[in-house]
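S.K.:
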Amino acid sequence: MSDGFDESSPVDEPPAGEALLLDIDGFEGPIDLLLTLARDQKVDLTRISILALAEQFLAFVSEARRLRLELAADYLVMAAWLAYLKSRLLLPDPQPDEPSAEMLAAALTLQLQRLEAMQGVAARLMARPRLGRDRFGRSAPEDLPIFAKHRHDLSLYDLLKAYGDISGRQARQSPFTIPVTELYSIEEAVARLEAMLGRIPDWSYLSALLPGGWRGEGVKARSVLASNFVAILELAKAGKVELRQDGAFAPIQLRARRDGEGGT
Amino acid sequence: MTDLFNADTQLVRLLEAILFASADPVTEDALQARIGPTPVRPLLLQLENLYRHRGVNLVASGGRWAFRTAPDLGDQLRTEVEVTAKLSRAAVETLAIVAYHQPVTRAEIEAIRGVATSKGTLDILMEAGWIRPGRRRETPGRPLTWVTTPHFLDHFGLESLRDLPGVDDLRAAGLLDKSTPLPTLPGLEVVSE
Amino acid sequence: MTDLFNADTQLVRLLEAILFASADPVTEDALQARIGPTPVRPLLLQLENLYRHRGVNLVASGGRWAFRTAPDLGDQLRTEVEVTAKLSRAAVETLAIVAYHQPVTRAEIEAIRGVATSKGTLDILMEAGWIRPGRRRETPGRPLTWVTTPHFLDHFGLESLRDLPGVDDLRAAGLLDKSTPLPTLPGLEVVSE
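Protein chains in written order, with this note's numbering: chain A, 105 to 368; chain B, 69 to 261; chain C, 69 to 261.
See the structure below:
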């Protein structure tokens, strides 16, 4: 709820040019940023240079990445699309069945105009004399609720909020939604490796046998590694696998223990 | 109309607006403080006179001023007076469940809310004209079901029951207070109900 | 003063008192029901005219009537009120889009703004009493639409949606046209709801 309100004024225009980079969070998405860049061209939106705009946006994104600023995925998608549009605008249109570069540019212009129109009227709407701020109603309605056809003062919002609360409560009470920690259990690792034993080639690196989708950084990945490490120790102890390591911190290798061979 | 831009007239307009918008009668001192050096009393008397025969009068009592509806209209205003009462949380939730799950039996309402529903809750909703008994469910005990009335749609400005936002809509609108589901362990995926 | 006992004048006084006593705008139908067979509209216009230059005006919005303090007195009245929380840019833009494009789905709002609507934005606008769910769109997925409420008109002092600032210009410029076919732009895909 708190994110619906903030300190910045709704009509504040973000600063242009280089100062843009200081305030990525001030933009409501890539279209909003494009609109701000377009305003820098100080011409009618129908006459802006889409090519120049694409250049500026791409420069913005590469500068943000150079400064290692976190950019949302939609900015990168927009950058890729603008790079494509730029190449289409610079080269003659090869495929007649695709929309022409001019059509794409016109669509983008219309999109910018539409957002600009909404931002403009939003400011005009907010500037109107508003009830409770500039205009006031009767604060002391007399005890004559003669139009109270409804004996209960219940709004649709109240009703929907009540149902939302019930649904939320139900979801929490459901036995299936007990939060499960994102850790990979040793039991699971043992069971999985045991099932794989017959199929693994001779000596294999442990790292190659970790489950897919669990690689990478973070607690999850470390728990996979730890569980599987403990699991192979357990399996070795039970005489089911053989382990090998060429030196301290070298990759661990394992293979299924062959029948008839002795212990390690 | 030239009078409109006369300073006194502007002050009378301001007094009129203050008295209209104030929740309680306002003291003459407070009014004086609001309008500056011009003596407030003659302006108030002017306003009182202006409204003397209107449907609303400016009245003073105990040094405080307020607009009140004219006493002679009392009878015509006081007909049909109904007292609005706040609905209990149980009643609001029950109404919401009937709206979304109708036709729904009392036992089903209780199962969804997780608590027993008092007989009075359904009575209140029925008295308000929002719900009515529907068909009996053809199951053992033939329990009565509850459904909403046309007045329910009317009150909440809905054209049809199909226009009630679904759970996904509520969630998207931020109305659903939900706990974040966490990824589950492989092999332990939740089977949705 | 003899006029005072003229039947029409009595009805005007009654309307004045009813409207004065009620905090929320009253529908013309409800007022008509209160005064009997005499057409209510001319009487309301008479009353509107009577208060046109006063500190309190009679205003119509969305077919409902209410007394409201004159807009030009806002600065002088505002000192007494607490500052209302400022709406976020997202909320303000979303409100404008709902107002000018209604009925509008969440996906359409997102297409115009080029970003996902955060949870809580629609919630806040609905809690403020400015928007409500409208009919479902009869397209695949039957998405819910959003529309503005009568209270929206009252809050922003609009008699009807036709009085939205600049609405005619935007329509003439084709900027309110939902059917404008756009080639797919990034971030503008209409997501299914």
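Every residue, glycine too, gets a C-beta built ideally from N, C-alpha and C.
If you're wondering where the values come from, they're calculated on a predicted model, not measured in any experiment.
#1: With H, G and I counted as helix, E and B as strand and the rest as coil, what does DSSP make of Ile250 of chain A?
#2: Quick one: grab the DSSP three-state call for Leu82 of chain B.
#3: Taking Cβ to Cβ, would you say Leu297 of chain A is nearer than 8 Å to Leu337 of chain A?
#4: List the residues of chain B whose Cβ lies closer than 7 Å to the Cβ of Ile165 of chain C, in chain order.
#5: Can you check whether the CB of Ala325 of chain A is closer than 8 Å to the CB of Val294 of chain A?
#6: Looking at chain B, is there any beta carbon in it that lies within less than 8 Å of the beta carbon of Gly133 of chain A?
#7: Distance, Cα to Cα, Phe224 of chain C vs Ala159 of chain C?
#8: Under 8 Å between C-beta atoms, does Tyr168 of chain C make it to chain A?
#9: Based on DSSP bridge pairs, tell me the residues matched to Gln357 of chain A.
#10: Quick one: is Asp238 of chain A buried, meaning 16 or more other Cβ sit within 10 Å of its Cβ, or exposed?
#11: Give me the chain A residues within the contact set of Glu176 of chain C, using Cβ-Cβ distance strictly less than 7 Å, ordered along the chain.
#12: Among B:Ala175, B:Lys154, B:Pro218 and B:Val80, which one has its Cα closest to the Cα of Arg102 of chain B?
#13: The alpha helix (DSSP H) that contains Pro107 of chain B, what's its start and end?
#14: Would you say Ala89 of chain B lies against chain A (beta-carbon separation less than 8 Å)?
#15: At a CB-CB cut-off below 8 Å, which residues of chain A make contact with Pro233 of chain B?
#16: According to DSSP, is Pro201 of chain C helix, strand or coil?
#17: Only counting the same chain, and skipping five residues up and downstream in sequence, which positions put a Cβ closer than 7 Å to that of Tyr179 of chain A?
#18: By a C-beta neighbour count over all protein chains shown, 10 Å radius and 16 as the cutoff for buried, is Val345 of chain A buried or exposed?
#19: Please name the residues in the region 97-122 of chain C whose beta-carbon is closer than 8 Å to at least one beta-carbon of chain A, in chain order.
#20: Use the C-beta contact count for Pro107 of chain C: other C-beta atoms within 10 angstroms, 16 or more gives buried, fewer gives exposed.
#21: Using the rule of at least 16 other Cβ atoms within 10 Å of the residue's Cβ for burial, across every protein chain shown, is Arg120 of chain B buried or exposed?
#22: Taking the runs of the alpha helix (DSSP H) that are 4 residues or longer, which of them lie wholly in the region 128-211 of chain C?
#23: Quick one: which chain B residues come within Cβ less than 8 Å of Arg242 of chain A?
#24: Which chain A residues are close to Leu212 of chain B, counting only those with a beta carbon under 8 Å from its beta carbon?
#25: Taking the Cβ atom as the reference point for each residue, do Leu193 of chain A and Ala209 of chain A lie within a distance shorter than 8 Å?
#26: Looking only at its own chain, which residues have a Cβ that is under 8 Å from the Cβ of Leu190 of chain B, when we skip the five neighbours before and after it?
#27: Mind checking which residues open and close the alpha helix (DSSP H) that includes Thr217 of chain B?
#28: Select from C:Met194, C:Thr216, C:Leu238 and C:Pro105 the residue whose C-alpha is nearest the C-alpha of Ala75 of chain C.
#29: Any C-beta of chain B within less than 8 Å: which residues of the region 132-145 of chain C qualify?
#30: Whose Cβ in chain A lies nearer than 7 Å to the Cβ of Leu243 of chain B?
#31: Which residues of chain A have a Cβ atom closer than 7 Å to the Cβ of Asp222 of chain C, listed in chain order?
#32: Does any CB atom of chain A fall closer than 8 Å to the CB of Val215 of chain C?
#33: Please list the residues of the region 202-218 of chain A that have a C-beta atom closer than 8 Å to any C-beta atom in chain C, keeping them in chain order.
#34: Would you say Leu82 of chain B faces chain A, with C-beta separation under 8 Å as the test?
#35: Measure the Cβ-Cβ separation of Ala89 of chain C and Thr137 of chain B and say whether it is below 8 Å.
#36: What are the boundary residues of the alpha helix (DSSP H) that includes Pro233 of chain C?
M.R.: With the structure as the only source:
#1: In this predicted model, Ile250 of chain A has a pLDDT of only 40, less than 50, meaning its place in the structure is not dependable; the value taken from the coordinates is given anyway. Coil.
#2: helix
#3: no
#4: What Ile165 of chain C touches in chain B: nothing, since even the nearest Cβ is about 15 Å away.
#5: no
#6: no
#7: 15 Å
#8: yes
#9: A:Tyr309 and A:Arg348
#10: buried
#11: Residues of chain A passing the Cβ test: none, with the nearest at roughly 11 Å.
#12: B:Val80
#13: First-last for Pro107 of chain B: undefined, no H or E at that position.
#14: yes
#15: Leu264
#16: strand
#17: Pro134 and Val165
#18: buried
#19: Ala98 and Arg102
#20: exposed
#21: exposed
#22: 142-146, 157-169, 174-181 and 189-195
#23: Phe88 and Ala89
#24: Chain A residues near Leu212 of chain B: none, gap ~21 Å exceeds 8 Å.
#25: yes
#26: Thr162, Arg174, Ile199 and Trp214
#27: Note, Thr217 of chain B: premise wrong, no alpha helix (DSSP H); not H, not E.
#28: C:Pro105
#29: Phe135, Thr137, Ala138, Leu141, Gln144 and Leu145
#30: Leu264, Lys265 and Gly268
#31: Leu235
#32: no
#33: Pro203, Met207, Leu208, Ala211, Leu212, Leu214, Gln215, Gln217 and Arg218
#34: no
#35: yes
#36: Note, Pro233 of chain C: premise wrong, no alpha helix (DSSP H); not H, not E.
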